[in-house]
Ligand code: PHB
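In my numbering, the protein residues as written are 120 to 677.
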């Protein structure tokens, strides 16, 4: 990752915004560390004073980019909006990811897409079928070009200056320490090897990686050329396997032809795709920062927060923005927006583009994206459940419907310390028809697809259990319309619970959250009056995180 060994580090421009540089460095160190560092570890990793680290952390926490968990600073899903801006502006994942996924399914091998990032390659999509045998890379991971199959294909387009940068980096970092995603380089390979591989890649139109990253890991790659960009390499498609399944030569002989036809389809997709509709121009992205400053005072570094919103001004159909565009989208003055852009250009996160415009570079994906790119709904929900449990002093849970559709399974939970809290653990399964969580999940299904009862039987678990199918159908209809389910002593005497749905980006209900309590603690009316709004708020936070995390990655639901 950038800026550890500083190769010819260009001098910091006088107009650069120091707090923004520091905030970016904090995000880089957190990303390299896998997402979590204690404040004192951050102090050591960044060389910043503790008070500075604390202020940056509280600013990032205010933005939802990190969570403060005791002494730890933890990357939070919302930080993915930075990488999302980059992937959306690039436009390639939206057009090509489905092709890559289909190829991975068909071949039962991992398929990835990578773009060139200076003298490295950076992944923008992963359809992973990797077996336990080898490491697998994440969206946003950066690899040294010469240790990969796509690297030589990108190098066919390098300028002499880029080759020079590459040579200098190789000499300055002989073990690839600046690439934390790969194991250290062990075998000295000469620069000439890579020059030859690039020449061969130019002649062949494909390239191989025969265990250059680690023993066993092999890949074959084909460039995806963008007809709208004069046939330049837009990205490279890779099929990745292990020598226990295919040698590199077998990959070339058996899978390369299929990869080539898939790439032809991808190129057709690029040719035929309509110009991206300019996404609705965001406005006033940074206008909230003043209020946070008022509230948090010294603990809120406004220039950092404002600077970060500049990155989110970019997006689909907004790949190239002028200073005026950025100022408009963020609500920042032109002078402030300009200083942020100068800072980003210095950090390699923004480059000049077109006529007086600016574009994000793939390096923006190094700001927190990789560690979060394989998150799951239970991980997203857990901190929000803990906050909810804290606020209502009752335990809170997340559950999904099991594949059979007649049971729910708890996937996350935050318990209170109450002696008499309701006792379920993650993994517990309960009949859907008689739980608030289950009713919320069933209610979202078309009536014909709802599995009512266990094996079709509505067994009474207490005297209050609804056992009449048409009465239950009517209740589910009510749940669907009202947006919540309240189950009062139907599962267990003395147990009352209330649940609301959690929807994904498409509006589909994928999970439910509930609060369960002893019936003596709150009346049904109090439950609706006091707990429901908190529950709705929590579900909204989970949905917002899920929406950000799920835009370009698949979030596991259980
Ligand atoms: C990967 O997608 O994991 C990958 C791609 C190309 C390589 C190695 C690994 O050369």
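Even for Gly, the Cβ is constructed at its ideal location relative to N, Cα and C.
Alpha-carbon spacing of residue i relative to residue j, whole angstroms
i: residue 569; j: residue 193; result: 39 Å
i: residue 493; j: residue 583; result: 42 Å
i: residue 169; j: residue 269; result: 41 Å
i: residue 565; j: residue 516; result: 25 Å
i: residue 472; j: residue 441; result: 9 Å
i: residue 142; j: residue 175; result: 6 Å
i: residue 239; j: residue 271; result: 10 Å
i: residue 218; j: residue 670; result: 17 Å
i: residue 605; j: residue 660; result: 21 Å
i: residue 638; j: residue 645; result: 11 Å
i: residue 546; j: residue 610; result: 18 Å
i: residue 257; j: residue 242; result: 7 Å
i: residue 178; j: residue 665; result: 22 Å
i: residue 567; j: residue 602; result: 20 Å
i: residue 626; j: residue 676; result: 15 Å
i: residue 159; j: residue 166; result: 10 Å
i: residue 298; j: residue 286; result: 16 Å
i: residue 417; j: residue 173; result: 10 Å
i: residue 400; j: residue 432; result: 8 Å
i: residue 506; j: residue 636; result: 16 Å
i: residue 655; j: residue 640; result: 20 Å
i: residue 234; j: residue 481; result: 8 Å
i: residue 136; j: residue 450; result: 18 Å
i: residue 477; j: residue 469; result: 7 Å
i: residue 191; j: residue 162; result: 12 Å
i: residue 354; j: residue 576; result: 54 Å
i: residue 643; j: residue 511; result: 15 Å
i: residue 357; j: residue 379; result: 10 Å
i: residue 650; j: residue 607; result: 14 Å
Three-state secondary structure assigned by DSSP to residue i
i: residue 465; result: helix
i: residue 654; result: helix
i: residue 435; result: coil
i: residue 182; result: coil
i: residue 157; result: strand
i: residue 552; result: helix
i: residue 446; result: helix
i: residue 478; result: strand
i: residue 194; result: strand
i: residue 177; result: helix
i: residue 187; result: strand
i: residue 503; result: helix
i: residue 703; result: The structure shown does not extend to residue 703, since the chain spans only 120 to 677, so no value can be given for it.
i: residue 514; result: strand
i: residue 493; result: coil
i: residue 262; result: strand
i: residue 269; result: helix
i: residue 485; result: helix
i: residue 458; result: helix
i: residue 124; result: Any reading at residue 124 must be qualified, since the residue scores a pLDDT of 47, below 50, and its modelled position is unreliable; no value is offered.
Buried versus exposed call for residue i [16 or more other C-beta atoms within 10 Å across all chains shown]
i: residue 465; result: buried
i: residue 245; result: buried
i: residue 513; result: buried
i: residue 413; result: exposed
i: residue 307; result: exposed
i: residue 227; result: exposed
i: residue 97; result: Here the chain has residues from 120 to 677 only, and residue 97 is not among them.
i: residue 279; result: exposed
i: residue 504; result: buried
i: residue 422; result: buried
i: residue 333; result: exposed
i: residue 124; result: Low local confidence applies: a pLDDT of 47 at residue 124 is under 50, so the model's placement there is unreliable, with the coordinate-based value given in what follows. Residue 124 should be labelled exposed.
i: residue 672; result: buried
i: residue 359; result: buried
i: residue 254; result: exposed
i: residue 309; result: exposed
Bridge-paired residues (DSSP) for residue i
i: residue 369; result: Partner(s): none; residue 369 has no beta bridge.
i: residue 354; result: 343
i: residue 528; result: 519, 548
i: residue 140; result: DSSP lists no partner for residue 140.
i: residue 360; result: 337
i: residue 637; result: 614
i: residue 244; result: 232
i: residue 470; result: 478
Closer than 8 Å to chain C by CB, residue i
i: residue 130; result: Absent from the structure is chain C; it holds one protein chain and no more.
Distance cut-off 7 Å: residue i Cβ against heavy atoms of the ligand NAP
i: residue 336; result: As far as ligands go, the structure on display features the ligand PHB and does not contain the ligand NAP.
List in chain order: all unbroken beta strand (DSSP E) runs of 3+ residues lying wholly within the segment 282 to 340.
-> Fully enclosed beta strand (DSSP E) runs of 3 or longer: 326 to 329.
What are the start and end residues of each continuous alpha helix (DSSP H) run of 4 or more residues lying completely inside the segment 375 to 443, in chain order?
-> Runs of the alpha helix (DSSP H) inside the segment 375 to 443: 375 to 391, 408 to 415, 421 to 431.
What alpha helix (DSSP H) runs, 4 residues minimum, are completely inside the segment 575 to 633?
-> Segments of the alpha helix (DSSP H) lying fully in the segment 575 to 633: 588 to 601.
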